[in-house]
Structure formats: structure tokens, C-alpha cells
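Enquirer:
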Amino acid sequence: GAGVSQSPSNKVTEKGKDVELRCDPISGHTALYWYRQSLGQGLEFLIYFQGNSAPDKSGLPSDRFSAERTGGSVSTLTIQRTQQEDSAVYLCASSARRGTPLHFGNGTRLTVT
Amino acid sequence: AQKVTQAQTEISVVEKEDVTLDCVYETRDTTYYLFWYKQPPSGELVFLIRRNSFDEQNEISGRYSWNFQKSTSSFNFTITASQVVDSAVYFCALSEAPETSGSRLTFGEGTQLTVNP
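Set out below in C-alpha cells:
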């Protein structure tokens with residue numbers, strides 16, 4: 001009965017390093033989303049996975065960003081060669097199917113120094 | 001393309017006042033879903049309500065009520081007799097029909113509500 005779990009909760013990295021953020025969705029949820037929330041800003045869509053369909057990557061801001069979802073469950077968001085503007089809270093959400101409410105994790109706060 | 005606009009960036013009220021948060025959306029689809037989420041200071045996003053485009057009936061849940069009007073593409077949220085614990089950022093969001101590609105949830109910029117004692 002656990003909710004969406006994200007790790008780490010906080011990550012500080014140096015500019016230029018790669019980072020991996022992990023998301024464990026609610027068991028049985030077929031849809032998984034990544035969003036980014038910069039300080040004082042709204043939620044910016046990054047990528048969306050639905051079952052075995054090809055992911056919707058249209059929100060990824062650059063080719064430094066990539067994500068995968070293994071076995072239809074756990075997802076990893078990877079940011080290569082991090083930049084200071086990548087600093088934000090990265091939120092993962094899952095839903096039972098398209099159109100149903102998203103359940104969000106507590107996010108990973110990424111700080112690039 | 002879909003778009004959600006929350007024109008009120010910040011609202012400040014005194015406890016027990018009623019407050020309405022505005023949400024206007026744009027979509028080309030005839031079938032879509034609208035949502036409201038609450039983000040308290042602790043940061044987690046809490047789902048409040050989902051409404052589909054074919055159901056214009058207003059909904060009331062305790063002190064919360066929602067007014068969906070397709071004619072004006074609005075989905076406004078009213079809190080009656082506000083309380084300090086209502087202080088949070090509130091996000092309105094839109095999801096186009098599940099059958100269409102993407103089905104991403106597009107959020108508005110959020111409205112920061114502060115309820116003062």
C-alpha cells in the first residue's frame with residue numbers, strides 16, 4: 001500500500017557530473033510521469049510512460065536528459081553533464097491508467113553547484 | 001496544444017473568509033479531464049478532484065466546491081470558511097483524452113493561498 005517512492009530525497013552534485021534519480025511507482029500503476037518544479041515555479045512536464053507504449057519524451061528540455069522504465073515498474077531519470085539551471089525538484093507520479101488521478105512522490109531536490 | 005492559466009499568482013485572506021481560485025483552460029479536444037491539486041508547505045502534491053468534460057455538474061466536498069463551465073472554459077475552486085491549514089499552492093491541471101497520444105497532465109502556474117489567522 002506504499003505510495004510513490006523517490007530516491008534520493010536530496011542530491012547535491014557538481015556541474016558537469018551525471019546524476020540518476022529513481023522512482024518506484026505504486027504497484028500496478030501502468031502510467032508513470034516525471035515532472036520538474038523549479039523554485040517558485042509551476043510543474044514542467046518531462047516524460048510520460050504508459051504500459052509498453054513508446055514514451056512521450058516531448059517535455060525533455062535537452063538531450064542531456066533521458067529516462068527509462070524497466071519491467072513496467074521502476075523508472076530512472078538520468079541527467080548528463082548537469083548544469084546549474086538543472087537545479088529543481090524532480091517529481092515522479094504514477095496513475096492506474098491514462099486519465100486517472102496522478103499520485104506524486106515527495107520528489108528529489110537536485111542542487112547543481 | 002493544451003494550456004492552463006491560473007491568473008491569480010497569490011491570494012491572501014483572513015480565516016473564515018471564502019476564497020475562489022480561478023482556472024481557465026484551452027484544449028482542442030472534446031473529451032478531457034480537469035484536476036485540482038494542493039501543494040502544502042511540506043511539498044507533496046495532494047489530489048483534490050478530477051472532473052471529465054462531459055460532467056458539468058458542480059461538486060461540493062465539505063468546505064470545497066468546484067464550478068465547471070465549458071462555455072467559458074473555466075474550472076474554478078472555492079474554499080468556504082477558509083482555515084489556516086488551507087494555506088498552500090493550488091494547481092489546476094488538464095489531461096486530454098486517454099485515447100490521444102501523450103495524455104500528459106498540463107499544470108497551471110499555481111496560486112499561492114495564504115490564510116491568516
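Going down the list, the sequences are from chains D and E.
Position one of the first sequence corresponds to residue 1 (my numbering), numbered consecutively onward.
Position one of the second sequence corresponds to residue 1 (my numbering), numbered consecutively onward.
From the three backbone atoms N, C-alpha and C, an ideal C-beta is built for every residue, glycine too.
Among the candidates E/Val14, E/Glu44, E/Phe75, whose CA atom is the shortest distance from the CA of E/Glu59?
Expert: Among E/Val14, E/Glu44, E/Phe75, the Cα nearest to that of E/Glu59 belongs to E/Phe75.
Enquirer: Taking only runs of the beta strand (DSSP E) that begin and end inside the stretch 18-76 of chain D, which ones reach a length of at least 3 residues, in chain order?
Expert: Runs found: 19-24, 31-37, 43-50, 65-69.
Enquirer: Whole angstroms are fine: how far does the CA of D/Leu46 sit from the CA of E/Gly102?
Expert: Per-residue confidence for E/Gly102 stands at a pLDDT of 46, beneath the threshold of 50, marking its modelled position as unreliable; the derived number appears in the next sentence. About 11 Å.
Enquirer: D/Lys15 lies in the beta strand (DSSP E); which residues open and close that run?
Expert: Counting along the chain, D/Lys15 falls outside any beta strand (DSSP E), and DSSP gives it neither H nor E.
Enquirer: Distance cutoff 8 Å, beta carbons only. Does D/Pro43 sit that close to anything in chain E?
Expert: For the sequence presented, residue 43 of chain D should be read as Leu rather than Pro. True, the Cβ-Cβ gap to chain E drops below 8 Å.
Enquirer: Just checking D/Thr30 against the ligand HEM - is the residue's beta carbon closer than 7 Å to any of the ligand's heavy atoms?
Expert: Of ligands this structure carries none, so the ligand HEM is not represented either.
Enquirer: Against D/Asn10, what residues of chain E qualify as contacts under a CB-to-CB distance less than 9 Å, listed in chain order?
Expert: Those do not exist, as D/Asn10 stays about 12 Å from chain E at its closest Cβ, beyond 9 Å.
Enquirer: Roughly how many angstroms lie between the CA atoms of E/Thr100 and D/Gln50, to the nearest whole one?
Expert: At E/Thr100 the pLDDT is 49, less than 50, meaning the model places this residue with poor confidence; the figure from the coordinates comes in the next sentence. Cα-Cα distance, rounded: 12 Å.
Enquirer: Give the range of the beta strand (DSSP E) segment to which E/Glu17 is assigned.
Expert: Run containing E/Glu17: none; DSSP gives neither H nor E here.
Enquirer: Here's a check: name, in chain order, each residue in its chain whose Cβ is nearer than 6 Å to the Cβ of D/Ser7, leaving out the five neighbours to either side.
Expert: Counting only Cβ-Cβ distances below 6 Å, and skipping sequence neighbours, we find Arg22.
Enquirer: So, at 6 Å on beta carbons, what are the nonlocal neighbours of D/Thr111 in its own chain, with the 5 sequence-adjacent residues on each side left out?
Expert: Cβ neighbours of D/Thr111 beyond the five flanking positions: Val12, Ser87.
Enquirer: Is the beta carbon of E/Gln39 closer than 8 Å to that of E/Ala88?
Expert: In contact: E/Ala88 and E/Gln39 (Cβ atoms closer than 8 Å).
Enquirer: Measure the beta-carbon distance from E/Thr106 to E/Asp18 and round it to whole angstroms, keeping in mind my assumption that it falls under 8 Å.
Expert: Not quite, the Cβ-Cβ distance comes to about 28 Å (not below 8 Å), so this is no contact.
Enquirer: Look at the Cβ atom of D/Gln80, then the Cβ atom of D/Lys15, and state whether they are nearer than 8 Å.
Expert: No; because the gap between Cβ atoms is not below 8 Å, this pair is not in contact.
Enquirer: Tell me the residue span of the beta strand (DSSP E) that contains D/Leu110.
Expert: Here the beta strand (DSSP E) through D/Leu110 covers 108-112.
Enquirer: At the 8 Å Cβ level, is D/Tyr48 part of the contact set with chain E, yes or no?
Expert: Answer yes: the Cβ-Cβ gap between D/Tyr48 and chain E drops below 8 Å somewhere.
Enquirer: Could you check if D/Leu39 is buried or exposed, using at least 16 other CB atoms within 10 Å of its CB as the buried criterion?
Expert: D/Leu39 is exposed by the Cβ-count criterion.
Enquirer: Which residue wins for smallest C-alpha separation from E/Ser82, given the options E/Ser53, E/Glu44, E/Ile11, E/Asn67?
Expert: Considering only alpha carbons, the answer is E/Ile11.
Enquirer: In the DSSP assignment, find the beta strand (DSSP E) that holds E/Arg50 and state where it starts and stops.
Expert: 46-52 is the extent of the beta strand (DSSP E) around E/Arg50.
Enquirer: Please tell me whether D/Asn52 has its Cβ less than 8 Å away from any Cβ of chain E.
Expert: No - not a single Cβ of chain E is within 8 Å of the one on D/Asn52.
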